[in-house]
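Undergrad: Pasting a structure here, questions to come.
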Amino acid sequence: MIDFTVWDIVRNLLDAAQWTIALSIVAFLGGGTVGFALLIGRLVGGRSGAALIGGYVQLFQGTPLLMQLFLAYFGLAMFGIDTSAWLAAALALTLYTSAFLTEIWRGCIAAVPRGQWEAAQSLALSFSEQLRYVILPQAIEVATPPTVGFLVQVIKGTALASVIGFIELTKAGTMITNATYQPFLVYGFVALFYFAMCFPLSVCARILERKLHAARH
(Lines of atoms letter the chains of each structure in order from A and count residues from 1; the text may use other names and numbers.)
(Lines give C-alpha, C1' and ligand atoms only; values in the text may rest on other atoms or scores of the structure.)
Protein backbone atom coordinates (compact mmCIF):
# COMPACT_ATOMS: atom_id res chain seq x y z
CA MET A 1 0.00 0.00 0.00
CA ILE A 2 1.33 3.43 -1.01
CA ASP A 3 0.69 6.37 1.28
CA PHE A 4 -1.17 8.89 -0.90
CA THR A 5 -2.44 12.14 0.54
CA VAL A 6 -5.79 13.48 -0.62
CA TRP A 7 -3.96 16.10 -2.67
CA ASP A 8 -1.88 13.37 -4.36
CA ILE A 9 -5.07 11.57 -5.35
CA VAL A 10 -6.73 14.75 -6.64
CA ARG A 11 -3.61 15.82 -8.55
CA ASN A 12 -3.25 12.48 -10.33
CA LEU A 13 -6.93 12.37 -11.17
CA LEU A 14 -6.77 15.91 -12.54
CA ASP A 15 -3.92 14.86 -14.84
CA ALA A 16 -5.99 11.93 -16.09
CA ALA A 17 -9.11 14.10 -16.47
CA GLN A 18 -7.23 16.18 -19.03
CA TRP A 19 -6.98 13.09 -21.25
CA THR A 20 -10.66 12.36 -20.74
CA ILE A 21 -11.49 15.88 -21.91
CA ALA A 22 -9.07 15.67 -24.84
CA LEU A 23 -10.51 12.33 -26.00
CA SER A 24 -14.06 13.67 -25.64
CA ILE A 25 -13.24 16.74 -27.74
CA VAL A 26 -11.59 14.68 -30.48
CA ALA A 27 -14.49 12.22 -30.53
CA PHE A 28 -17.14 14.94 -30.61
CA LEU A 29 -15.46 17.16 -33.21
CA GLY A 30 -14.47 14.22 -35.39
CA GLY A 31 -17.82 12.52 -34.93
CA GLY A 32 -19.65 15.77 -35.60
CA THR A 33 -17.74 16.31 -38.84
CA VAL A 34 -18.29 12.77 -40.07
CA GLY A 35 -21.88 12.80 -38.82
CA PHE A 36 -22.72 16.00 -40.69
CA ALA A 37 -21.17 14.62 -43.89
CA LEU A 38 -23.25 11.47 -43.49
CA LEU A 39 -26.34 13.58 -42.89
CA ILE A 40 -25.81 15.49 -46.14
CA GLY A 41 -25.14 12.23 -47.93
CA ARG A 42 -28.38 10.85 -46.56
CA LEU A 43 -30.32 13.88 -47.78
CA VAL A 44 -28.90 13.98 -51.31
CA GLY A 45 -27.74 10.41 -51.91
CA GLY A 46 -31.07 8.94 -52.93
CA ARG A 47 -32.35 5.59 -51.73
CA SER A 48 -29.07 3.73 -52.16
CA GLY A 49 -27.08 6.37 -50.28
CA ALA A 50 -29.67 6.52 -47.51
CA ALA A 51 -29.62 2.72 -47.24
CA LEU A 52 -25.81 2.57 -46.98
CA ILE A 53 -25.68 5.32 -44.37
CA GLY A 54 -28.59 3.75 -42.53
CA GLY A 55 -26.63 0.49 -42.40
CA TYR A 56 -23.61 2.33 -41.01
CA VAL A 57 -25.76 3.93 -38.33
CA GLN A 58 -27.38 0.61 -37.38
CA LEU A 59 -23.97 -1.10 -37.20
CA PHE A 60 -22.52 1.34 -34.68
CA GLN A 61 -25.73 1.83 -32.75
CA GLY A 62 -26.41 -1.89 -32.57
CA THR A 63 -23.00 -3.01 -31.28
CA PRO A 64 -21.42 -2.24 -27.89
CA LEU A 65 -18.86 0.55 -27.75
CA LEU A 66 -16.63 -1.82 -25.80
CA MET A 67 -16.49 -4.21 -28.75
CA GLN A 68 -15.82 -1.33 -31.15
CA LEU A 69 -12.84 -0.30 -29.02
CA PHE A 70 -11.44 -3.84 -29.12
CA LEU A 71 -11.91 -4.07 -32.89
CA ALA A 72 -10.22 -0.71 -33.46
CA TYR A 73 -7.28 -1.58 -31.21
CA PHE A 74 -6.64 -5.13 -32.42
CA GLY A 75 -8.10 -4.79 -35.92
CA LEU A 76 -5.77 -2.03 -37.07
CA ALA A 77 -2.79 -4.01 -35.81
CA MET A 78 -3.81 -6.91 -38.11
CA PHE A 79 -3.18 -4.60 -41.08
CA GLY A 80 0.30 -3.71 -39.85
CA ILE A 81 -0.71 -0.32 -38.46
CA ASP A 82 1.15 0.62 -35.31
CA THR A 83 -1.83 1.30 -33.08
CA SER A 84 -1.64 3.21 -29.83
CA ALA A 85 -4.42 3.13 -27.26
CA TRP A 86 -5.00 6.84 -27.94
CA LEU A 87 -5.44 6.33 -31.71
CA ALA A 88 -7.74 3.33 -31.31
CA ALA A 89 -9.89 5.07 -28.68
CA ALA A 90 -10.15 8.24 -30.77
CA LEU A 91 -11.09 6.30 -33.90
CA ALA A 92 -13.68 4.09 -32.21
CA LEU A 93 -15.32 6.96 -30.34
CA THR A 94 -15.34 9.15 -33.46
CA LEU A 95 -17.16 6.50 -35.50
CA TYR A 96 -19.51 5.72 -32.63
CA THR A 97 -20.30 9.42 -32.12
CA SER A 98 -20.82 10.07 -35.83
CA ALA A 99 -23.44 7.32 -36.08
CA PHE A 100 -25.50 8.75 -33.24
CA LEU A 101 -25.13 12.39 -34.22
CA THR A 102 -26.15 11.84 -37.83
CA GLU A 103 -29.31 10.09 -36.62
CA ILE A 104 -30.05 12.79 -34.03
CA TRP A 105 -29.61 15.54 -36.61
CA ARG A 106 -31.61 13.67 -39.26
CA GLY A 107 -34.52 13.52 -36.84
CA CYS A 108 -34.21 17.22 -36.09
CA ILE A 109 -34.26 18.14 -39.77
CA ALA A 110 -37.22 15.81 -40.28
CA ALA A 111 -39.01 17.75 -37.51
CA VAL A 112 -38.93 20.90 -39.66
CA PRO A 113 -42.31 21.11 -41.43
CA ARG A 114 -42.26 20.05 -45.07
CA GLY A 115 -43.81 23.37 -45.98
CA GLN A 116 -40.56 25.10 -45.05
CA TRP A 117 -38.72 23.12 -47.74
CA GLU A 118 -41.43 23.95 -50.26
CA ALA A 119 -41.32 27.64 -49.35
CA ALA A 120 -37.53 27.69 -49.78
CA GLN A 121 -37.83 25.95 -53.15
CA SER A 122 -40.41 28.49 -54.27
CA LEU A 123 -37.79 31.19 -53.69
CA ALA A 124 -35.49 29.41 -56.16
CA LEU A 125 -32.89 28.69 -53.47
CA SER A 126 -30.33 25.98 -54.10
CA PHE A 127 -30.23 22.95 -51.81
CA SER A 128 -27.30 24.36 -49.83
CA GLU A 129 -29.08 27.71 -49.49
CA GLN A 130 -32.26 25.99 -48.34
CA LEU A 131 -30.30 24.24 -45.62
CA ARG A 132 -28.29 27.29 -44.60
CA TYR A 133 -30.99 29.93 -44.52
CA VAL A 134 -34.22 28.06 -43.85
CA ILE A 135 -33.87 24.51 -42.53
CA LEU A 136 -30.77 24.48 -40.33
CA PRO A 137 -31.68 27.59 -38.26
CA GLN A 138 -34.92 25.84 -37.28
CA ALA A 139 -33.33 22.42 -36.81
CA ILE A 140 -30.54 23.77 -34.59
CA GLU A 141 -33.01 24.79 -31.90
CA VAL A 142 -34.46 21.29 -31.87
CA ALA A 143 -31.03 19.65 -32.05
CA THR A 144 -29.32 21.53 -29.21
CA PRO A 145 -30.66 19.53 -26.21
CA PRO A 146 -30.12 16.02 -27.65
CA THR A 147 -26.72 16.96 -29.10
CA VAL A 148 -25.40 18.29 -25.81
CA GLY A 149 -27.03 15.39 -24.00
CA PHE A 150 -25.16 12.98 -26.22
CA LEU A 151 -21.90 14.88 -25.60
CA VAL A 152 -22.40 14.08 -21.92
CA GLN A 153 -22.74 10.42 -22.88
CA VAL A 154 -19.53 10.62 -24.91
CA ILE A 155 -17.64 12.00 -21.92
CA LYS A 156 -18.86 9.14 -19.76
CA GLY A 157 -18.23 6.65 -22.58
CA THR A 158 -14.53 7.50 -22.60
CA ALA A 159 -14.29 5.43 -19.41
CA LEU A 160 -14.48 2.30 -21.59
CA ALA A 161 -11.20 3.25 -23.25
CA SER A 162 -9.49 1.97 -20.12
CA VAL A 163 -9.98 -1.63 -21.34
CA ILE A 164 -7.41 -1.10 -24.13
CA GLY A 165 -4.93 0.56 -21.78
CA PHE A 166 -5.76 4.20 -22.35
CA ILE A 167 -5.18 6.03 -19.06
CA GLU A 168 -8.13 8.36 -18.62
CA LEU A 169 -10.03 9.28 -15.48
CA THR A 170 -11.54 5.87 -14.69
CA LYS A 171 -8.33 3.98 -15.46
CA ALA A 172 -6.35 6.35 -13.27
CA GLY A 173 -8.89 5.87 -10.50
CA THR A 174 -8.47 2.10 -10.71
CA MET A 175 -4.68 2.36 -10.64
CA ILE A 176 -4.74 4.70 -7.62
CA THR A 177 -7.22 2.43 -5.84
CA ASN A 178 -4.94 -0.57 -6.38
CA ALA A 179 -2.09 1.42 -4.84
CA THR A 180 -3.95 2.99 -1.90
CA TYR A 181 -6.75 0.50 -1.09
CA GLN A 182 -9.13 3.44 -0.68
CA PRO A 183 -11.79 2.75 -3.32
CA PHE A 184 -14.56 4.80 -1.75
CA LEU A 185 -12.40 7.92 -1.52
CA VAL A 186 -10.82 7.54 -4.97
CA TYR A 187 -13.97 6.66 -6.88
CA GLY A 188 -15.82 9.38 -4.99
CA PHE A 189 -13.41 11.89 -6.48
CA VAL A 190 -13.73 10.23 -9.90
CA ALA A 191 -17.51 10.66 -9.75
CA LEU A 192 -17.12 14.30 -8.70
CA PHE A 193 -14.80 14.99 -11.64
CA TYR A 194 -17.25 13.44 -14.10
CA PHE A 195 -20.05 15.52 -12.59
CA ALA A 196 -17.88 18.66 -12.84
CA MET A 197 -17.35 17.98 -16.54
CA CYS A 198 -20.93 17.03 -17.43
CA PHE A 199 -23.14 19.32 -15.35
CA PRO A 200 -21.92 22.63 -16.88
CA LEU A 201 -22.70 21.24 -20.34
CA SER A 202 -26.30 20.58 -19.33
CA VAL A 203 -26.61 24.10 -17.93
CA CYS A 204 -25.11 25.62 -21.09
CA ALA A 205 -27.51 23.60 -23.23
CA ARG A 206 -30.51 24.99 -21.37
CA ILE A 207 -29.19 28.56 -21.65
CA LEU A 208 -28.46 28.17 -25.35
CA GLU A 209 -31.85 26.62 -25.98
CA ARG A 210 -33.59 29.58 -24.30
CA LYS A 211 -31.53 32.07 -26.30
CA LEU A 212 -32.27 30.33 -29.60
CA HIS A 213 -35.97 30.19 -28.73
CA ALA A 214 -35.98 33.89 -27.81
CA ALA A 215 -34.13 34.81 -31.02
CA ARG A 216 -36.78 33.08 -33.10
CA HIS A 217 -39.75 34.48 -31.20
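With the working numbering applied, the sequence shown closes on residue 813, and no number is skipped along the way.
Glycine included, each C-beta is placed from N, C-alpha and C at the ideal position.
1) Whose C-alpha, out of Ile736, Thr776, Leu765 and Gly761, is nearest the C-alpha of Leu788?
2) How do the segment 612-630 and the segment 762-776 stand: do at least 3 beta-carbon pairs fall below 8 Å, yes or no?
3) To which residues of the same chain is Pro741 closer than 7 Å at the C-beta, ignoring the five residues directly before and after it?
4) Can you tell me whether Val750 is buried or exposed? The criterion is at least 16 other CB atoms within 10 Å of its CB, across all chains shown.
5) Once the 5 residues before and after Ile705 are set aside, which same chain residues still bring their CB inside 7 Å of it?
6) Does the segment 753-762 come close enough to the segment 655-663 that 3 or more CB-CB pairs lie under 8 Å?
7) Is the distance from the Cβ of Gly631 to the Cβ of Ala686 below 9 Å?
8) Inspect the beta-carbon positions of Thr693 and Gly628 and report whether they are closer than 9 Å.
9) Within the segment 650-698, note down every full alpha helix (DSSP H) run reaching 4 residues or more, in order along the chain.
10) Can you tell me whether DSSP reads Ile763 as helix, strand or coil?
11) For Gly769, count neighbouring Cβ atoms within 10 angstroms of its own Cβ and tell me buried if that reaches 16, exposed if not.
12) Would you kindly check if the distance between the Cβ of Arg702 and the Cβ of Arg638 is under 9 Å?
13) My assumption, with CB atoms under 8 Å, is that Ile700 sits in contact with Thr743. Please give the rounded CB distance.
14) Looking at C-alpha atoms only, which residue of Gln657, Phe656, Leu634 and Leu683 is the closest neighbour of Ile649?
15) Quick one, are the C-beta atoms of Leu655 and Ala684 less than 9 Å apart?
16) Would you mind stating whether Leu689 and Ala623 have Cβ atoms separated by less than 9 Å?
17) Applying the criterion that 16 or more other CB atoms from any shown protein chain within 10 Å of the CB defines a buried residue, is Ala707 buried or exposed?
18) So, helix, strand or coil for Tyr777, using DSSP?
19) Work out the CA separation of Asp678 and Arg728 for me, nearest whole Å.
TA: The short version:
1) Leu765
2) yes
3) Ala801 and Glu805
4) buried
5) Ile731 and Ala735
6) yes
7) no
8) yes
9) 661-674
10) coil
11) buried
12) yes
13) 6 Å
14) Leu634
15) no
16) yes
17) exposed
18) coil
19) 41 Å
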